[in-house]
Amino acid sequence: MNMEPGLQNPTMETSQEQPARSLWSDALHRLKKNRLAVFSFFIILIYLIVAVLCGAGLLATNYDEQSYKIDEKGNISLNSYSPPSFKNPLGTDIQGRDVLSRVLQGSWISLRVALTMSAIYIFIAVLLGAFAGYFGGFIDDIIQWLYQTLASIPGLLMLIALTFVLGKGLTNVAVALGLVGWVGLCRLMRAEYLKHKARDYVLAAKAQGAGPFRIMFKHIFPNTFHIVIISFSLGFVHAIMGEVVLTFVGLGAKAHEPSWGRIISEARAELAREPAVWWPLLSATVAMFIVCLAFNILGDALRDSLDPKLKE
Amino acid sequence: MSAYIIRRLLYLVPTVLGVCLITFLLFNVVTTGEAIAKQRLGQHATQEQIESYLKTHGYDKPLLIRFFINLKDLLTFNFGRSEVTHQKITTMLWNGMWPSLSLMVPAFFFTLFVAISIALFTALYRNTFLDRSTVVLCIIGMSVPFLAYIILGQYILGYKLKYFPVTGYEWGLGVFKFLILPGLIYTAASLGSDVRFYRTVVLDEINQDYVRTARAKGLSPNTILFKHILKNAMIPIITRVVVALPFLYMGSLLLEDFYGIPGLGAMALNAIDGNDFAVIKAITFIGAILYVLANLAGDILYALVDPRVEFK
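So the protein lines, in turn, are chains A and B. If you're matching positions, the first sequence starts at 1 in this note's numbering and goes up one per residue. If you're matching positions, the second sequence starts at 1 in this note's numbering and goes up one per residue.
In structure tokens form, the structure reads like this:
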């Protein structure tokens, strides 16, 4: 215990009746006081529920159904670009498909991209960061060389080149985002492992005969987990924005897939029409904006309450 | 000082080799010569056509030999010819660089100036309503996708209100009128994260002892802010600027595409559309080399700006 008398926090003594809290319950306590963060959390919860319901085929199932209209002469034609109405609250797109359903389905696509990306980059970052920090020496040199090299290739170019060679499509966009995005978290994890490996609890575990893998992932990892959580929350925004850019560039979602990137990419031609078709662009942008804003606010709040030192 | 620069130059060797290795792996292992040949020649290519493609592009040699040929080509900037336009890639890069720079350099430094001004201003009024609303505006700005800025900016300011030409480019001074709108959009889209970053930098300095001393001496807030704090905040500012510089050469993929600016960003997009592997490889490599050189320049600049940096 490093309880040097001079370093004790005076406020701790005055609030004796407050029970001691662990890192997580303390963070939760502080988060609850941040009403904006709580609100953001509920927005994200709604986003997740909508996304999963869409993915399970329970919500917005008509996203691929074309609708038709009959004009005065009795001709049947596609109900293209009908403005927002009672039947289609956010209007229809070029093929008469309901924009609301497509935007809702977009949340499922973005969630899939974000989860795939996160699984890949968190796995690489934690594994390499742990190895570099814990073992040091030659392994550390190699891993540092690897991430410095990767960091020196401009991110967007690397993403494009990687998706390009992996093949176009949403899955590869997510994989590329994951393979490129691990450097930042890996640096943080390496620093944490460097710090923790000299702590008493690690030495105690070692003395009891625990192997390096057990120490790295059973003992140290839980103490660094809050960094993963913060990175995961802020990473969502990257995944959502990354999908939009890569889809626009022509590497992501295919023409029939209702991703937000797809809807926004098509808006360029739609705005040029007379009268302008603004509802698909606005709907997808607002949906993205709300989700990204919520993740930004929650991510910031998590960082402030879990690890104030991480502030840029 | 010269010993320091030489040592820093030596550090470049492993990074540059690493960049060569990654670009090589991307185009030779992640995707293979056969896959590239099939994409270039179409689905109905005969076996002979594929084999002759592999032979002319050197894919018939063993992997290790290919790596060294590739290394030599990259390090001598011998990128060959584009597979679509059949121009020399170095010429294409040279020609595309100037439109990109003409857009990005003014836009970047204008943004830098505005962002630092706002950051200093909010630091003066920290913890007031003004400061807090700036922070909120920053997070809101960061949550809007870049594409939405571009599409809406072009549509409203260019197409509807006709304040600026919608798209176009010309060589010479007349280009100015075409660059204002994309430049302003770049500024609008970057301000959120930039202001937030510089605000943190300034606030970190404002709590230092030397600021308290200066205040105790009776210096005016403006003198402290501009003469003392700004000077000390230079290190993080230089870091951020230097790291961003290589991206200026790249131009902006999306801005150049939307505003018809014939720069490297537009070139990269065309290369993606046309499966032009050689061009993608060249742009990726040059981008990485510029980034590495910019970092070197940054390290030398620190040493010049900050006498505390040691040459050891």
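Glycine is no exception: its CB is placed at the ideal position from the N, C-alpha and C atoms. Values in this document were obtained by computation on a predicted structure and should not be read as measured data.
- When C-alpha distances from residue 304(A) are compared across 22(A), 34(A) and 155(A), the shortest belongs to 34(A).
- Shown here, residue 69(A) sits in a strand according to DSSP, grouped into three states.
- Under the three-state reduction of DSSP output, residue 78(A) falls in the strand class.
- Taking each of 172(B), 287(B), 138(B) and 55(B) in turn and checking the Cα distance to residue 160(A), the smallest one comes out for 287(B).
- Residue range 279 to 306 is occupied by the alpha helix (DSSP H) that includes residue 280(A).
- Judged by DSSP in its simplified three-state form, residue 98(A) adopts strand.
- Excluding five sequence positions before and after residue 243(B), the CB atoms of its chain that fall closer than 8 Å to its own CB belong to 291, 294, 295 and 298, given in chain order.
- Per the coordinates, the alpha-carbon of residue 80(A) lies some 47 Å from the alpha-carbon of residue 198(B).
- For residue 217(A), no alpha helix (DSSP H) encloses it, and the DSSP letter there is neither H nor E.
- Residue pairing from DSSP places residue 88(B) in a beta bridge opposite 81(B).
- The Cβ atoms of residue 186(A) and residue 229(A) lie no closer than 9 Å to each other.
- Within the model, the alpha-carbon separation for residue 232(B) versus residue 79(B) is close to 43 Å.
- Contact between the stretch 177 to 193 of chain A and the stretch 37 to 57 of chain B is not established, with fewer than three Cβ pairs separated by less than 8 Å.
- For chain B, none of the residues of the stretch 63 to 95 of chain A brings a beta carbon within less than 8 Å of one of its beta carbons.
- Residue 247(A) sits in a helix when the DSSP states are folded into three classes.
- For the stretch 6 to 18 of chain B, the residues whose beta carbon sits under 7 Å from a beta carbon of chain A are, in order, 14, 15 and 18.
- Nearest CB-CB separation between residue 287(B) and chain A: below the 9 Å threshold.
- Here residue 210(B) is exposed, its C-beta having fewer than 16 other C-beta atoms within 10 Å.
- Between the beta-carbon of residue 154(B) and that of residue 166(B) there is about 6 Å, and that keeps the pair under the 8 Å contact cut.
- Non-local beta-carbon contacts of residue 83(A) in its own chain, meaning distances under 6 Å to residues more than five positions away in sequence, involve 91 in chain order.
- Where residue 26(A) is concerned, the enclosing alpha helix (DSSP H) starts and stops at 23 to 33.
- For residue 143(B), the uninterrupted alpha helix (DSSP H) run begins and ends at 129 to 143, by DSSP.
- In the three-state DSSP reduction, residue 31(B) falls in the coil class, being neither helix nor strand.
- Beta-bridge analysis with DSSP links residue 92(A) to 98(A).
- Of the candidates 20(B), 258(B) and 190(B), 190(B) places its Cα closest to the Cα of residue 240(B).
- In the structure shown, residue 259(A) adopts coil according to DSSP, grouped into three states.
- Within a 10 Å sphere around the beta-carbon of residue 94(B) sit fewer than 16 other beta-carbons, which makes this residue exposed.
- Within 9 Å of the CB of residue 195(B), no CB atom of chain A is found; the nearest one sits about 12 Å away.
- Check the Cα spacing between residue 64(B) and each of 74(B), 28(B) and 91(B): the tightest is with 28(B).
- DSSP, read as helix, strand or coil, puts residue 209(A) in coil.
- Using a Cβ distance threshold of 9 Å, residue 15(B) and residue 152(A) count as a contacting pair.
- With its beta carbon less than 9 Å from one in chain B, residue 300(A) belongs to the interface.
- The CB of residue 149(A) comes closer than 7 Å to the CB of 15, 18, 19 and 22 in chain B, given here in chain order.
- Classified as exposed, residue 77(A) has fewer than 16 neighbouring CB atoms from the shown chains inside 10 Å of its CB.
- Taking a 10 Å sphere around the C-beta of residue 205(B), we find 16 or more other C-beta atoms and assign the residue as buried.
- By the criterion of a C-beta distance shorter than 8 Å, residue 235(B) is surrounded in its chain by 302, 305 and 306, once the five residues flanking it on both sides are discounted.
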